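Under the working numbering, think of the first position of the sequence shown as 46, with each following residue one higher. Glycine included, C-beta positions come from ideal geometry on N, C-alpha and C. None of the values given here were measured: they were computed from a predicted structure. To start, the structure itself, in structure tokens.
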Amino acid sequence: MYKKGLDNKLFDHRSFLVLFRFFVSETKNMQLIIDIGNTNIVFGINQDGVWKQSWRIRTDTKKTADEYEVIFRSLFSSGKICKNEIKKVILSSVVPALNDDFRELTERFLNQKVLLIKPDVYDRLPIKILNPYQIGTDLVANAMAAYSKFKKPCMVIDFGTALTFLTISGSGEILGVAIAPGMGTAVRSLAGETAQLPYVQLAQPPSVLGKNTVHAIQSGVVIGYAGLVDRMIERTEAELKQKLYVIATGGLSGVLDGQSSRITHFEANLTLDGLKIIGDLIE
């Protein structure tokens with residue numbers, strides 16, 4: 046039999062404490078991480094090391110802070126994110142023209158100062174960076190995430206506007222970077238510089254032998270870039286005389302899944318992971 050009175054009060058008190066701790070834990074350590082790239086702006090909500098939501102929108106330097114705020118409000122609403130629970134905002138940008146707009150946006154919309162990752166903080170990181178003012182913060186974030194997660198010689202291939210190959214040693218030294226036009230850049234260039242070739246969505250082609258214009262472009266770009274990727278890995282390993290753990294990231298990385306014989310691991314949020322790690326280290 047259940048006792049009345051005191052036991053019920055104890056139950057109510059303990060239940061209240063459990064619920065209180067639950068709601069407190071749900072609202073702490075929530076961060077907004079923003080990566081402004083040349084083609085896309087990728088941003089996500091991280092809570093205690095777990096990505097609750099992530100989004101990708103087009104980069105547009107003509108948009109104002111007000112217009113970006115409308116987008117953020119809509120995405121936060123659809124994702125059921127309470128803006129008051131954001132306790133930190135970390136920003137990486139390779140588009141300086143948008144930096145002030147995003148400072149204004151975060152201060153007004155979230156009532157938070159933005160932590161902009163810049164080269165002057167690199168000496169506080171556990172990785173070694175040659176020519177810190179000539180390397181983008183997105184690449185540094187990729188290196189930081191790869192070093193923190195894998196602690197082994199790695200190559201990070203980022204499939205963005207530019208296709209970047211970043212190699213980092215097991216001790217955290219950035220050994221070098223190679224840059225080529227990204228797959229999307231190649232497709233846009235074909236459409237823009239030719240009279241009759243259209244812009245096509247990148248996807249794995251049904252065959253290397255394209256039977257129509259769309260499949261022909263997909264074959265040339267997707268399978269061709271898979272060969273480029275594999276060759277760059279082979280040449281880098283030959284020069285270093287060691288095998289590399291190869292991580293692919295970026296918006297178009299998934300298109301090469303199964304096409305490249307050398308990509309070891311696909312990590313969609315690697316850059317955001319690295320920015321979070323950097324933000325936590327330097328603050």
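Next item on the list: Give the range of the beta strand (DSSP E) segment to which residue 223 is assigned.
Entry: Here residue 223 refers to the residue found at position 178 of the sequence shown. Unbroken beta strand (DSSP E) run through residue 223: 219 to 226.
Next item on the list: Tell me whether residue 76 is buried or exposed, calling it buried when 16 or more other Cβ atoms sit within 10 Å of its Cβ.
Entry: Your numbering for residue 76 matches position 31 in the sequence shown. Buried is the call here.
Check: Under a three-way DSSP split, which group does residue 236 fall into?
Finding: For the purposes of this step, residue 236 is identified with residue 191 of the sequence shown, where counting begins at 1. Looking at residue 236 - three-state DSSP - the assignment turns out to be helix.
Notebook entry, point to check: Is DSSP giving residue 167 helix, strand or coil here?
Noted result: The residue you call residue 167 lines up with position 122 of the sequence shown. Reduced to three states, the DSSP call for residue 167 is helix.
Item checked: Through-space distance from residue 140 to residue 272, alpha-carbon basis -> Counting from one through the sequence shown, the residue named residue 272 turns up at place 227. Counting from one through the sequence shown, the residue named residue 140 turns up at place 95. Whole-angstrom Cα-Cα distance: 30 Å.
Margin query: On the CB-based measure, 16 or more other CB atoms within 10 Å of its CB, does residue 81 come out buried or exposed?
Written below: As a working note, residue 81 is residue 36 in the sequence shown. Buried, by the Cβ-count rule.
Checklist line | Cβ-Cβ distance between residue 188 and residue 162 below 7 Å | finding: To locate residue 188, count along the sequence shown from 1; it is residue 143. To locate residue 162, count along the sequence shown from 1; it is residue 117. In this structure, residue 162 does not lie closer than 7 Å to residue 188 by Cβ.
Next item on the list: Please list the segments of the beta strand (DSSP E) lying wholly inside the region 75 to 131, counting only runs of 3 or more residues, in order along the chain.
Entry: 75 to 81, 85 to 92 and 95 to 103
Checklist line | Whole-number beta carbon distance between residue 321 and residue 78, since they are thought to touch under 8 Å | finding: On the sequence shown, residue 78 is found 33 positions in, with the first residue counted as 1. On the sequence shown, residue 321 is found 276 positions in, with the first residue counted as 1. 5 Å between Cβ atoms; contact.
Check: At what residues does the beta strand (DSSP E) containing residue 290 begin and finish?
Finding: Taking the first residue of the sequence shown as 1, we reach residue 290 at position 245. First-last of the beta strand (DSSP E) with residue 290: 290 to 294.
Next item on the list: Apply the 10 Å Cβ neighbour rule to residue 241 and answer buried if 16 or more other Cβ atoms are within range, or exposed otherwise.
Entry: Along the sequence shown, read from residue 1 onward, the residue named residue 241 stands at position 196. Residue 241 comes out exposed.
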